[in-house]
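Residue numbering for the sequence shown is 4 to 758, as defined by the working numbering. Heads up: the structure comes next, in structure tokens.
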Amino acid sequence: MTRTRITVDDEAPGTPINPGMWGVFFEDINSAADGGLYAELIRNRDFCFSDRDHESWGPLTGWRPMGHVEIDPSGGRRAVRLRGAGVAAALENEGFGGIPLARGAAYRLTVRGRASATASITCALIAADGTTLASAPVDLSSSTAAEIDLRPDSTCPQGRLRLTVADGDAEFTWVSLFPRDTYRGDENGLRPDLAQAIAELRPRFVRFPGGCVAHGFGLENVYRWKNTVGRVTERVGDRNIWGYHQSMGLGFFEYFRFCEQLGAAPLPVVAAGVCCQNSPGGQAAFTDEQMSAYIRDVLDLIEFANGPESSPWGAVRSAAGHPQPFGLRYLGIGNEDEITDAFAERFAQLLRAVRHADPSIIIVGTAGPFPTGVDYERGWELARRVGVDIVDEHSYKAPKWYFQNLDRFDTYDRGGPRVYVGEYGSRGNTMLCALSEAAYMMGMERNGDIVRLASYAPLLAKIGETQWTPDLIYFDNERVLRSLNYHVQRMHAAAPASRALPTRVSDAPSWARRRSDAVAMEVRAQTGTISVESCIIEADGTQRRSEPQRGEGAVRPPLDTRASDYTIRARVRLEADGRDGFLIAFGDVDGPDHFEWRFGTWENRFLVLCEVTDGISDEWSDPLPFPFTPARSYDVEIRVRNGGRRVSALLDGLLVHDLAATDAPEVRFSATSTVDDDNGHRWIKIVNATESTVDTDLRLASGETVRQMEITELSAPAASGRPFEAARTEPRTFVLDGARYLIPGHAFAVIRLNP
């Protein structure tokens, strides 16, 4: 076994690193807030759900009425009236997929409303079979609010709350059930096990509330922070861009408080005066009058965070229980926006207003949704032109891309804005995915003078309630499941540093992707009947032609062959009313590496050519606007040349894609070194994403001897790990004498040197 030498130039000044580089990004996606991090146990506690949130939803969504139950929309807030004269009436709520109840634990029930003098109201925690676990009366005849503690006499993972009214009438405007056991014991607080999992990541900043939630699904849905502070009973919920209701119980006060508890800097994001470009009708912008009011809202947010108690919004913060300022230093403006003239104009207005109000605020801009392309280039050009401090760029890519881009930030202009990698993830929860992220993070840290902040996304996902996978932490009502990606984040955060030192790797193991010459074509769709009306595959001067084919889900003409260069011509049709069109897979469609041409992605709106590597599909082309039409025949031609390194695609005779693969190698073995000047700790991080164990010898250029190493190692098979499951492997820590370390295949190691 050849020994790989890792040499650290420990006498070099190194590259400065922001000690607050690693953070987290919390967005209410995948039911991350209500039913997740926010500890409220009642779904639709204020009866404000509507079909605006989701088709067929209404005031009683989440509730089961029994007996005479009416909806009263008068008075501004909805009320639910139970008429219990003669026959008792009741309401049941099972929370967010069942209310998890622990024997002997205290649950604070708060009800608001009114009742007739004769009404008898009983509040009970019950099991799914109706067994009463805890019960107590409440009186709303002489007061409009009541609060009691309920303690179940047995544990029940699928509990319910039942309100029963007898001998009179009662109406409810608010019903809340909170565990007394919240994170740090906070009122209106957070679920402790989920909050603790986030705390264990040691985040130095928290981005909130989005993400797409920040700029909303239409101008009327732009996130309004003022609706999220003050008394929780008076907050204004809204439709969530991800397809459900957000109560705003976890609002900006709870966010700032959580940041303080974590020792993390808040990084709130506000819309840049435009809504998400994926909204119906595309991106829309505030009028001048609306923009003036919106700028005032943004400045008021800064005052809420930093203003004295005597200021209007500082007084609101103080009334919530926090007289001292929160110390806001960062403000994000915009998120993954299309960089149009309307966006640029409103972004500049906000930037000028914030800089005038508080020049100390660090402005974080945006460079669109992708790490390349038109919006990326325009976003960076705008940032340079108006003097943005930090640019937020996102990269959801396959592991191959990360391994090819470990040096991405080496050539960034050191005289321009700095970088916040605000959202990134390798599209999977396998060990290979986690290793690609670990290596990319090492590249960010090595370029710490330009990359100032970074956060994985998404952070949380409730099992059965996801709109996006993969995610860092999965959970249900009782469990918290940490992924391999989570452990990579935690290992990086556990090795804080202030400088990156030059590190040289000699005799590193080589790795090359094996290319298959298998050729086939398969058309796939989630719904509808697929028709391949004609298909020809031409390779090595020979044409193979198939008869028409029809089927559901997938259709594969029987034309499999082998060739390095080939051409496919076909006429394809999908008869369906689905939202995501179809795709044409070609190449070695049975293997982990091939291509996909996707028609109608993002709700039938885009055309994109993808490369599939290691079983993970990744956009190769920029998405092209394409109004996919069901029941229409499309003539396609796909030309594959240079052994699969060049692909041209024609639609109805027009060339729409012409792409050549980069020759950049996939660096599957890498090492970096850092030092923490505060405590003198010296770190070496190694990623071995090859199949083989690598014998390493660690050297210091100064000649100082490495006598001992404390190693934290995460190792698992490349395909280990999947969404909705906890990692089957966790990091282990051990000590080795000397400077020799055999790092297993598919492993990430963080080493503290003890000379």
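Glycine included, every Cβ here is placed at the ideal spot set by N, Cα and C.
Option in the options with minimal Cα separation from residue i
{"i": "residue 657", "options": "637, 667 and 453", "result": "637"}
{"i": "residue 346", "options": "370, 364 and 323", "result": "370"}
{"i": "residue 490", "options": "75, 476 and 9", "result": "476"}
{"i": "residue 426", "options": "434, 456 and 436", "result": "456"}
{"i": "residue 555", "options": "411, 549 and 577", "result": "577"}
{"i": "residue 510", "options": "673, 16 and 361", "result": "673"}
{"i": "residue 232", "options": "251, 69, 523 and 432", "result": "251"}
{"i": "residue 332", "options": "9, 321, 314 and 366", "result": "366"}
{"i": "residue 626", "options": "602, 296, 471 and 265", "result": "602"}
{"i": "residue 234", "options": "322, 419 and 473", "result": "322"}
{"i": "residue 148", "options": "175, 138 and 169", "result": "175"}
{"i": "residue 9", "options": "739, 702 and 750", "result": "702"}
{"i": "residue 256", "options": "402, 649, 294 and 324", "result": "324"}
{"i": "residue 506", "options": "7, 5 and 11", "result": "11"}
{"i": "residue 516", "options": "670, 203 and 167", "result": "670"}
{"i": "residue 389", "options": "419, 536, 676 and 59", "result": "419"}
{"i": "residue 60", "options": "202, 239 and 246", "result": "246"}
{"i": "residue 634", "options": "473, 745, 532 and 63", "result": "532"}
Whole-angstrom C-beta distance between residue j and residue i, which should lie under 8 Å
{"i": "residue 274", "j": "residue 337", "result": "7 Å"}
{"i": "residue 171", "j": "residue 271", "result": "Incorrect: roughly 47 Å between the Cβ atoms, too far for contact."}
{"i": "residue 392", "j": "residue 212", "result": "Not confirmed; about 21 Å, so no contact."}
{"i": "residue 193", "j": "residue 259", "result": "Actually they do not touch by this definition, with Cβ atoms about 13 Å apart."}
{"i": "residue 501", "j": "residue 678", "result": "7 Å"}
Residue i: first and last residue of the uninterrupted alpha helix (DSSP H) it sits in
{"i": "residue 196", "result": "195-202"}
{"i": "residue 307", "result": "291-309"}
{"i": "residue 586", "result": "Careful: residue 586 lies outside any alpha helix (DSSP H), inside the beta strand (DSSP E) at 585-590."}
{"i": "residue 606", "result": "604-607"}
Any chain C beta carbon closer than 9 Å to residue i
{"i": "residue 304", "result": "Absence of chain C from the displayed structure is noted, only one protein chain being present."}
Start-to-end residues for the beta strand (DSSP E) that takes in residue i
{"i": "residue 262", "result": "Counting along the chain, residue 262 falls outside any beta strand (DSSP E), though it belongs to the alpha helix (DSSP H) covering 255-265."}
{"i": "residue 369", "result": "365-369"}
{"i": "residue 439", "result": "It is not in any beta strand (DSSP E) - residue 439 instead sits in the alpha helix (DSSP H) that spans 434-449."}
{"i": "residue 712", "result": "711-718"}
{"i": "residue 534", "result": "521-542"}
{"i": "residue 333", "result": "333-336"}
{"i": "residue 159", "result": "159-169"}
{"i": "residue 757", "result": "750-757"}
{"i": "residue 75", "result": "71-75"}
Close beta carbons around residue i, own chain, < 6 Å, minus the five adjacent residues each side
{"i": "residue 629", "result": "609 and 610"}
{"i": "residue 743", "result": "700"}
{"i": "residue 655", "result": "638"}
{"i": "residue 316", "result": "303, 306, 307 and 310"}
{"i": "residue 236", "result": "177"}
{"i": "residue 300", "result": "none"}
{"i": "residue 254", "result": "231 and 232"}
{"i": "residue 512", "result": "672, 693 and 697"}
{"i": "residue 618", "result": "595"}
{"i": "residue 49", "result": "177"}
{"i": "residue 37", "result": "250"}
{"i": "residue 66", "result": "94 and 96"}
{"i": "residue 46", "result": "65, 98 and 99"}
{"i": "residue 326", "result": "312"}
Contacting residues, own chain, Cβ-Cβ under 8 Å from residue i (five flanking each side not counted)
{"i": "residue 286", "result": "277, 278, 279, 280, 340, 341, 343, 345 and 346"}
{"i": "residue 547", "result": "539, 540, 541, 562 and 564"}
{"i": "residue 415", "result": "422, 450 and 453"}
{"i": "residue 118", "result": "124, 142, 143, 144, 168, 171, 172, 173 and 174"}
Cβ neighbours of residue i in the same chain (closer than 7 Å, five flanking residues each side left out)
{"i": "residue 756", "result": "685, 687, 709 and 712"}
{"i": "residue 734", "result": "490, 494, 715, 716 and 717"}
{"i": "residue 624", "result": "611, 612, 660 and 662"}
{"i": "residue 159", "result": "104, 130 and 136"}
{"i": "residue 15", "result": "504 and 505"}
{"i": "residue 622", "result": "611 and 613"}
Taking 8 Å as the threshold, find out whether the stretch 162-180 comes into contact with the stretch 85-104 through three or more Cβ pairs.
-> yes
Evaluate the contact criterion for the stretch 110-124 versus the stretch 142-153: three or more CB pairs, one atom per stretch, below 8 Å.
-> yes
May I ask you to verify whether the stretch 127-139 touches the stretch 161-176, counting CB pairs closer than 8 Å and requiring at least 3?
-> yes
Meets three-Cβ-pair contact criterion under 8 Å: the stretch 565-575 and the stretch 518-530 | yes
Are there three or more Cβ pairs, one per stretch, closer than 8 Å when the stretch 114-123 is compared with the stretch 138-147?
-> yes
Are at least three pairs of beta-carbons, each pair with one atom in the stretch 437-450 and one in the stretch 406-415, less than 8 Å apart?
-> yes
Within the chosen definition, does the stretch 479-490 reach the stretch 727-744 through at least 3 CB pairs nearer than 8 Å?
-> yes
Using 8 Å as the threshold, is the stretch 132-139 in touch with the stretch 81-91, meaning 3 or more CB pairs across them?
-> no
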